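Protein chains in written order, with our numbering: chain A, 1 to 246; chain Y, 1001 to 1246. Beta carbons: idealized from backbone N, C-alpha and C, even for Gly. Model, not experiment: these values are computed from the prediction. Working notes, structure below.
Number of protein chains: 2
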Amino acid sequence: MLSNTLSPHERLILKLESIADVTQSEREAVARLPIAVREVPQDTDLVPEGDTPSACCLVIEGYACRYKVLRDGRRQIMAFHMAGDVPDLQSLHLKVMDHSLGSLTPMVVGFIPHEALHEVIRSEPGLGSIFWRDTLIDAAIFREWLVGLGRRTAQQQLAHLICELLVKMRAVGLTQDETLVLPFTQQELGDAQGLSAVHVNRVLQDLKNEGLIGGARNTITVPDWAKLKAFSEFDPTYLHVRRLAA
Amino acid sequence: MLSNTLSPHERLILKLESIADVTQSEREAVARLPIAVREVPQDTDLVPEGDTPSACCLVIEGYACRYKVLRDGRRQIMAFHMAGDVPDLQSLHLKVMDHSLGSLTPMVVGFIPHEALHEVIRSEPGLGSIFWRDTLIDAAIFREWLVGLGRRTAQQQLAHLICELLVKMRAVGLTQDETLVLPFTQQELGDAQGLSAVHVNRVLQDLKNEGLIGGARNTITVPDWAKLKAFSEFDPTYLHVRRLAA
DNA sequence: CGCAGATTTGAATGCAATCAACACTGGTGG
DNA sequence: CCACCAGTGTTGATTGCATTCAAATCTGCG
């Protein structure tokens, strides 16, 4: 599988290139970043709420999410993260974590000390802009999720999420065709969309019955991209990816 | 009224000081920023979705919101902004607006050219970090709203928003006591919380009956801050303000 | 095989939307 | 000055989407 052939640094560079132009010297500076690679089992916190981390966490393999739990135990997932993402980049300038970062699957992650990031940004200010841009895109995705949670039907919302994940995965080469492997349980999808697992299940069936999606198990296929896009009112502008496929 | 005695630059500096330490030379650099002041009537777009602005917009007086409208006309408000905020700071690094910025009240705003901002950040990198931090706090607020929309009851959600607004207003001196003037209609509150205006009305009455809030007209008072905080599970950490009152 | 976690299905409940009036408010023009 | 009017707020009745509870499959794995 192609994804495994990339080094941590290559993964990060590929991600950055998916959202911005990266100069040769910036690429080299990133390649020199110290990255401490670690394996992490499924369903464990990479960075818990309340923590004051001194390093940022690069996703190398597997999937992570950012979430909060309420007092009654209910959970809200605020973001999914895939290879190349640095989910807690915000900790560079927000000392204390106001949410948790956890693994959804077994993962390989790399920790990059804040110090090293500050330094590379000082020497390559353009990289600072790119990292800043990355956090701004995260924020844009939060906004889009707000629209979904607030105003879209569960069907549209779920379809919209599938569109988003597909575009993001394609942007960093995690999938080539119209197939995406959903590494999340229906419970996790529900926690992200403010729905119960039961309802997620029914909604997925609706979408399949409408021919909007196909696939079985944790694989989803998109037989008609234009149709799914139209149904969910998906407009990829908010992802601000550099080159959009289709 | 105290709020009117501050110049645009003073407003901006006050805001930045509410979220970070600002050095003397940074303060002076901000004070030299060119700001083109303009009055804007109620309910008009400051920056429409799809635009590619070349300046950022500083709120000097009045209230603004960021929003998207769906095809069927329903609207989702994603953020409220008050004096001192720069709601479209993200346009520094995201060329195209993926949402609209509009006035909720008559406003006085100031436009600061991107060029000038880039320049001041180049000469005072610490300011770059503060502006970056500001956008990160915006993102943290989006995340908190996601929790509200996804997992909180309408009552908790509305109470939580009141807590948030109160803390933000106090941080920049827009209110001293436990009273806040809500410059929004119930329809607008609903658009922010994913609720219908009718339901917002009933929920507000619930909160009043429970003694969680008081006030009439568009004024809301908080008779018992601790009680409201507990009810809405409000934890101000996510606002990352420098010094919290109470 | 047996088990735990995940998915699926059904039935009942409940929260919030919608629809429809009506009351209140502030501003405008006759 | 007052009547009118549009926008906002309030109330009631009905509908519907999604939750909850419960139980029955299905799946992968030790």
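Q) Is there at least one Cβ from chain A nearer than 8 Å to tyrosine 1238 of chain Y's Cβ? A) Residue 1238 of chain Y sits at position 238 when you count from the first residue of the second sequence. Judged by the 8 Å Cβ criterion, tyrosine 1238 of chain Y is in contact with chain A.
Based on Cα-Cα distance, which residue from A:Lys68, A:Gln187, A:Ser123 lies nearest to phenylalanine 1234 of chain Y?
In the second sequence, the residue the question calls residue 1234 of chain Y occupies position 234. Looking only at A:Lys68, A:Gln187, A:Ser123, the smallest Cα-Cα distance to phenylalanine 1234 of chain Y is reached by A:Lys68.
Opposing strand residues paired with histidine 1081 of chain Y [DSSP bridges]:
Position 81 of the second sequence, counting from 1, holds the residue named residue 1081 of chain Y. Beta-bridge pairing links histidine 1081 of chain Y to Y:Ala1064.
task: Measure the alpha-carbon distance for alanine 1197 of chain Y versus glutamine 155 of chain A and round it to whole angstroms.
output: Taking the second sequence and counting its residues from 1, one reaches residue 1197 of chain Y at position 197. Taking the first sequence and counting its residues from 1, one reaches residue 155 of chain A at position 155. Each residue's Cα considered, the two are about 23 Å apart.
Item checked: Helix, strand or coil at arginine 1170 of chain Y [DSSP, three-state] -> Along the second sequence, one-based indexing puts residue 1170 of chain Y at 170. If DSSP states are grouped into helix, strand and coil, arginine 1170 of chain Y belongs with the helices.
Output needed in chain order: residues of the region 39 to 71 of chain A with a Cβ under 7 Å from some Cβ in chain Y.
Those residues of the region 39 to 71 of chain A that come within reach of chain Y (Cβ to Cβ, closer than 7 Å) are Lys68, Leu70, Arg71.
Exercise. Kindly say whether phenylalanine 231 of chain A, judged by its beta-carbon, lies nearer than 8 Å to any beta-carbon of chain Y.
Key: Here the question's residue 231 of chain A lines up with position 231 in the first sequence. Not a single CB atom of chain Y sits nearer than 8 Å to the CB of phenylalanine 231 of chain A.
Counting contacts by CB-CB distance shorter than 8 Å, is tryptophan 1225 of chain Y in contact with chain A?
As a working note, residue 1225 of chain Y is residue 225 in the second sequence. No, because no Cβ of chain A sits closer than 8 Å to the Cβ of tryptophan 1225 of chain Y.
Notebook entry, point to check: Which value, in whole angstroms, describes the spacing of the CA atoms of arginine 1032 of chain Y and leucine 1006 of chain Y?
Noted result: To locate residue 1032 of chain Y, count along the second sequence from 1; it is residue 32. To locate residue 1006 of chain Y, count along the second sequence from 1; it is residue 6. Computed Cα separation, rounded: 15 Å.
Which chain Y residues sit within Cβ distance under 7 Å of leucine 174 of chain A?
Translated into the one-based positions of the first sequence, residue 174 of chain A becomes position 174. Chain Y residues near leucine 174 of chain A: none, gap ~23 Å exceeds 7 Å.
On the DSSP bridge assignment, give the partners of phenylalanine 1111 of chain Y in chain order. The residue you call residue 1111 of chain Y lines up with position 111 of the second sequence. Y:Ala1036, Y:Cys1057, per the DSSP bridge assignment.
Count the C-beta pairs between the region 1012 to 1020 of chain Y and the region 191 to 209 of chain A that are closer than 8 Å, then say yes if the count reaches three, no if not. Too few Cβ pairs lie closer than 8 Å, so no.
| field | Buried or exposed by the 16-neighbour rule on C-beta atoms within 10 Å, applied to arginine 143 of chain A | value | As a position in the first sequence, residue 143 of chain A is number 143, starting the count at 1. Flag for arginine 143 of chain A reads buried.
Quiz item: From which residue to which residue does the alpha helix (DSSP H) around isoleucine 220 of chain A run?
Solution: Here residue 220 of chain A refers to the residue found at position 220 of the first sequence. Looking at the DSSP string, isoleucine 220 of chain A is not in any alpha helix (DSSP H); the run it does join, the beta strand (DSSP E), is 219 to 221.
### Query
Do three or more CB pairs link the region 1154 to 1171 of chain Y to the region 1119 to 1131 of chain Y at distances below 8 Å?
Too few Cβ pairs lie closer than 8 Å, so no.
Would you check if there are 3 or more beta carbon pairs closer than 8 Å linking the region 1096 to 1111 of chain Y to the region 1133 to 1151 of chain Y? The region 1096 to 1111 of chain Y makes no contact with the region 1133 to 1151 of chain Y, as fewer than three CB pairs between them are under 8 Å.
Do histidine 93 of chain A and serine 1129 of chain Y have their CB atoms nearer than 8 Å?
-> Position 93 of the first sequence, counted from the first residue, corresponds to residue 93 of chain A. Position 129 of the second sequence, counted from the first residue, corresponds to residue 1129 of chain Y. Taking a C-beta distance under 8 Å as the contact criterion, histidine 93 of chain A and serine 1129 of chain Y qualify as a contact pair.
If you check the beta carbons only, do glutamate 188 of chain A and isoleucine 77 of chain A fall under 8 Å apart?
Here residue 188 of chain A refers to the residue found at position 188 when the first sequence is read from its first residue. Here residue 77 of chain A refers to the residue found at position 77 when the first sequence is read from its first residue. Contact flag set, yes.
Next on the checklist: Residues of chain Y with CB closer than 9 Å to the CB of serine 123 of chain A, please, in chain order.
Outcome noted: Position 123 of the first sequence, counted from the first residue, corresponds to residue 123 of chain A. For serine 123 of chain A, none of the residues of chain Y pass the 9 Å Cβ criterion, the least Cβ distance being about 12 Å.
message = Please tell me whether glycine 1269 of chain Y has its Cβ less than 8 Å away from any Cβ of chain A.
response = There is no way to answer for residue 1269 of chain Y, as the model of chain Y reaches only from 1001 to 1246.
Span of the beta strand (DSSP E), counted from its first residue to its last, around valine 1147 of chain Y
Counting from one through the second sequence, the residue named residue 1147 of chain Y turns up at place 147. For valine 1147 of chain Y, there is no enclosing beta strand (DSSP E); the residue is found in the alpha helix (DSSP H) stretching over 1125 to 1151.
Notebook entry, point to check: Applying a beta-carbon distance threshold of less than 7 Å, which residues of chain Y neighbour histidine 99 of chain A?
Noted result: Position 99 of the first sequence, counting from 1, holds the residue named residue 99 of chain A. Those within 7 Å of histidine 99 of chain A in chain Y are Arg1143.
**Report entry** valine 86 of chain A, DSSP secondary structure in three states
**Finding:** Counting from one through the first sequence, the residue named residue 86 of chain A turns up at place 86. The three-state reading of DSSP puts valine 86 of chain A in coil, since its state is none of H, G, I, E or B.
(message) Between Y:Ile1060, Y:Ser1054, Y:Leu1070, which has its C-alpha nearest leucine 1012 of chain Y's C-alpha?
(response) Locating residue 1012 of chain Y in the second sequence gives position 12, counting from the first residue. For leucine 1012 of chain Y, the closest C-alpha among the options Y:Ile1060, Y:Ser1054, Y:Leu1070 is that of Y:Ile1060.
Quiz item: Closest Cβ-Cβ distance between aspartate 1088 of chain Y and chain A: below 8 Å?
Solution: For the purposes of this step, residue 1088 of chain Y is taken as residue 88 along the second sequence, with counting starting at 1. No - not a single Cβ of chain A is within 8 Å of the one on aspartate 1088 of chain Y.
* Could you give the DSSP three-state label for leucine 6 of chain A: helix, strand or coil? => Position 6 of the first sequence, counted from the first residue, corresponds to residue 6 of chain A. It is coil, neither helix nor strand.
*asked:* Quick check: valine 1109 of chain Y and leucine 1046 of chain Y, are their CB atoms within less than 8 Å of each other?
replied: Here the question's residue 1109 of chain Y lines up with position 109 in the second sequence. Here the question's residue 1046 of chain Y lines up with position 46 in the second sequence. Contact flag set, yes.
Original post:
Name the chain A residues whose beta carbon is nearer than 8 Å to that of glutamine 1076 of chain Y?
Top reply: Within the second sequence, numbered from 1, the residue matching residue 1076 of chain Y stands at position 76. Those are Leu146, Val147, Gly150, Arg151, listed as they occur along chain A.
- Message: Considering only the alpha carbon of each residue, which of Y:Asp1072, Y:Ile1035, Y:His1114 lies closest to phenylalanine 231 of chain A?
- Response: If you number the first sequence from 1, residue 231 of chain A lands on position 231. For phenylalanine 231 of chain A, the closest C-alpha among the options Y:Asp1072, Y:Ile1035, Y:His1114 is that of Y:Asp1072.
*asked:* Give me the chain A residues within the contact set of histidine 1160 of chain Y, using Cβ-Cβ distance strictly less than 9 Å, ordered along the chain.
replied: Residue mapping note: residue 1160 of chain Y aligns to position 160 of the second sequence, counting from 1. The premise fails here: histidine 1160 of chain Y is roughly 11 Å from chain A at the closest Cβ pair, so nothing lies under 9 Å.
With a threshold of 8 Å between beta carbons, is arginine 1202 of chain Y in contact with chain A? Against the second sequence, residue 1202 of chain Y aligns to sequence position 202. Not an interface residue.
- So which residues of chain Y does leucine 94 of chain A contact, with C-beta pairs closer than 8 Å? Taking the first residue of the first sequence as 1, we reach residue 94 of chain A at position 94. Neighbours of leucine 94 of chain A on chain Y, chain order: Arg1133, Leu1136, Ile1137, Ala1140, His1240.
inquiry  = Do phenylalanine 1080 of chain Y and alanine 1192 of chain Y count as a contact pair if the criterion is CB distance below 8 Å?
reply    = For the purposes of this step, residue 1192 of chain Y is taken as residue 192 along the second sequence, with counting starting at 1. For the purposes of this step, residue 1080 of chain Y is taken as residue 80 along the second sequence, with counting starting at 1. Yes, they are a contact pair.
Query raised in the report: In the DSSP assignment, what are the bridge partners of threonine 1179 of chain Y?
Result: Numbered from its first residue, the second sequence carries residue 1179 of chain Y at position 179. DSSP lists Y:Thr1221 as partners of threonine 1179 of chain Y.
Under a CB-based cut-off of 8 Å, is serine 129 of chain A close to chain Y? As a first step, residue 129 of chain A must be located in the first sequence, where it is residue number 129. Under the Cβ distance rule, serine 129 of chain A counts among the residues neighbouring chain Y, one pair being separated by less than 8 Å.
Tell me the residue span of the beta strand (DSSP E) that contains leucine 1046 of chain Y.
On the second sequence, residue 1046 of chain Y is found 46 positions in, with the first residue counted as 1. DSSP places leucine 1046 of chain Y in the uninterrupted beta strand (DSSP E) bounded by 1045 to 1047.
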